Amino acid sequence: LAAESGARLCAIIHYLVRGQLGWFGLTIACLVPGYAAQLLSILWFRADGHAPGCWLLALHLLQLGLWKRPGAAPNFPKSGWASRDGDSCRYWDVLRAAAETGGAAGEALAQLGDVCVLRLLEALLQTLPHLLLQTYVVVAVDPAGFIPGVSAGLSLLSLAWALVSYSHFTCLLKPGHLSPPAAVILCLLLWRTGMLGTRVLALVLFARLYSFWVFAVAGVHWLLMSFWLGAQQTDIVAQPCRWRLFNCLMGAVYIFCYINVRPGPSRTRVAVFYAVSAWNVLCSAWV
107 LAAESGARLC AIIHYLVRGQ LGWFGLTIAC LVPGYAAQLL SILWFRADGH APGCWLLALH
167 LLQLGLWKRP GAAPNFPKSG WASRDGDSCR YWDVLRAAAE TGGAAGEALA QLGDVCVLRL
227 LEALLQTLPH LLLQTYVVVA VDPAGFIPGV SAGLSLLSLA WALVSYSHFT CLLKPGHLSP
287 PAAVILCLLL WRTGMLGTRV LALVLFARLY SFWVFAVAGV HWLLMSFWLG AQQTDIVAQP
347 CRWRLFNCLM GAVYIFCYIN VRPGPSRTRV AVFYAVSAWN VLCSAWV
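Counting with this note's numbering, you get residues 107 to 393 for the letters of the sequence shown.
Below you can see the structure in the form of structure tokens.
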């Protein structure tokens, strides 16, 4: 996360110094959607009974709020990894605590869920647009650009890690499932990285060759995925309007990757997802 943020800052400075104000503005614009995750983090702080102070608000304003999540209960296991103020923990501390307990501690698992969901939301809203932008710059504008290439690579790893962390959390929620070994996590990370990398590169190359036709292809895929999610009747969101909005947003996410939003075996759903993706690729090649 620190490397990704540093590379993003270097890319912003790189465009500003070279006078590429268009790419500079677009890179800055990619930061704005990330405040949705910061706002949700503040709301969860308030729901947990922790009134956010000036320091905490400043951290969220700088988009560093996800690095600090509070223990919501007095019996939260803080031994060995609590912060000095005695009531908060940091991003990596929550992940380490959940790994050490193997998901057995309910409060540590709840904190892990908060961190993973918020980080996944931030990655999808902020890191993914930044990845698409920097990849397009490297492919179509400045193939020899070192800083945009490094920023794109680190954003890809960060997005893949956010998806792996979410998968790890959902695995711990299943009864009788322990924390997977490091080899499994590494394989998942490599798989997510390869899948996301090829999809992003394919979209960027398509946009490079056919310009705005890429929006037509992505739009068809988005519509198919949104209707498919609606047909599954997911119960994550109860209110009808929010349920439709959730399906539309997840349909956009499904352009790039699959995220399981229903309990139970997901083999059939994964097969349908990749079948639709393969059909979309064939239609794009035909166009």
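Every residue gets a Cβ at the ideal spot worked out from N, C-alpha and C, and that includes glycine.
Note that the structure is predicted; figures quoted are calculated from it, not measured.
Q: State the DSSP-derived secondary structure class of L351, mapped to helix, strand or coil.
A: Locating residue 351 in the sequence shown gives position 245, counting from the first residue. Three-state result, L351: helix.
(Q) Between which residues of its own chain and H120 is the CB-CB distance below 6 angstroms, once the five residues before and five after are set aside? (A) The sequence position of residue 120 within the sequence shown is 14, counting from 1. The answer, listed in chain order, is I253.
Q.
Beta-carbon within less than 7 angstroms of L239's beta-carbon, same chain only, minus the 5 sequence neighbours each way: which residues are those?
A. Taking the sequence shown and counting its residues from 1, one reaches residue 239 at position 133. Apart from sequence neighbours up to five positions away, the residues of its chain that approach L239 with a beta-carbon distance below 7 angstroms are L132, T133 and C136, ordered along the chain.
Q) Ordered along the chain, which non-local residues of its own chain (more than five positions away) have a Cβ less than 7 angstroms from that of L74? A) In this structure the chain extends from 107 to 393, so residue 74 is not present and cannot be described.
(Q) Considering only their Cβ atoms, is the gap separating A117 from S257 smaller than 8 angstroms? (A) Position 151 of the sequence shown, counted from the start, is the residue given in the question as residue 257. Position 11 of the sequence shown, counted from the start, is the residue given in the question as residue 117. Less than 8 angstroms separates the beta-carbon of S257 from that of A117.
Q. So R152 is in the alpha helix (DSSP H); what residue range does that whole segment cover?
A. In the sequence shown, residue 152 corresponds to position 46, counting from 1. Here the alpha helix (DSSP H) through R152 covers Y141 to A153.
Q: Measure the Cβ-Cβ separation of A308 and Y242 and say whether it is below 8 angstroms.
A: By 1-based counting over the sequence shown, the position of residue 308 is 202. By 1-based counting over the sequence shown, the position of residue 242 is 136. Their beta carbons are not under 8 angstroms apart, which means A308 does not touch Y242 by this criterion.
Q: Tell me, please, whether the stretch 315-330 touches the stretch 293-306 by the rule of three or more beta-carbon pairs shorter than 8 angstroms.
A: Not touching, per the Cβ criterion.
Q: Within 10 angstroms of the Cβ of L224, are there 16 or more other Cβ atoms? Answer buried if so, exposed if not.
A: In the sequence shown, residue 224 corresponds to position 118, counting from 1. That one is buried.
Q. Touching or not, the stretch 164-175 and the stretch 137-153, by the rule of three or more beta carbon pairs under 8 angstroms?
A. In short, these stretches touch, since the Cβ pair count reaches three.
Q) Can G357 and S332 be called in contact, C-beta distance under 8 angstroms? A) Your numbering for residue 357 matches position 251 in the sequence shown. Your numbering for residue 332 matches position 226 in the sequence shown. Cβ distance < 8 angstroms, so G357 and S332 count as in contact.
Q: Tell whether a beta-carbon distance below 8 angstroms holds between L260 and T299.
A: Numbered from its first residue, the sequence shown carries residue 260 at position 154. Numbered from its first residue, the sequence shown carries residue 299 at position 193. Taking 8 angstroms as the Cβ cut-off, L260 and T299 do not qualify as a contacting pair.
Q) For L237 versus A266, is the C-beta distance shorter than 8 angstroms? A) As a position in the sequence shown, residue 237 is number 131, starting the count at 1. As a position in the sequence shown, residue 266 is number 160, starting the count at 1. Cβ distance not < 8 angstroms, so L237 and A266 don't count as in contact.
Q: Would you decide whether V310 is buried or exposed? Buried here means 16 or more other CB atoms lie within 10 Å of its CB.
A: Along the sequence shown, read from residue 1 onward, the residue named residue 310 stands at position 204. Burial call: buried.
Q. Helix or strand or just coil, what does DSSP make of A157?
A. The count along the sequence shown starts at 1 and reaches residue 157 at position 51. Here A157 sits in coil by DSSP.
Q.
Let me confirm a value: G125 is counted as buried when at least 16 other C-beta atoms fall within 10 Å, else exposed. Which label applies?
A. Taking the sequence shown and counting its residues from 1, one reaches residue 125 at position 19. Looking at its Cβ environment, which holds fewer than 16 other Cβ atoms inside 10 Å, G125 is exposed.
Q) Expressed to the nearest angstrom, what Euclidean distance is found between the alpha-carbon atoms of L335 and H274? A) Here residue 335 refers to the residue found at position 229 when the sequence shown is read from its first residue. Here residue 274 refers to the residue found at position 168 when the sequence shown is read from its first residue. The straight-line gap separating the alpha-carbon atoms of L335 and H274 is approximately 22 angstroms.
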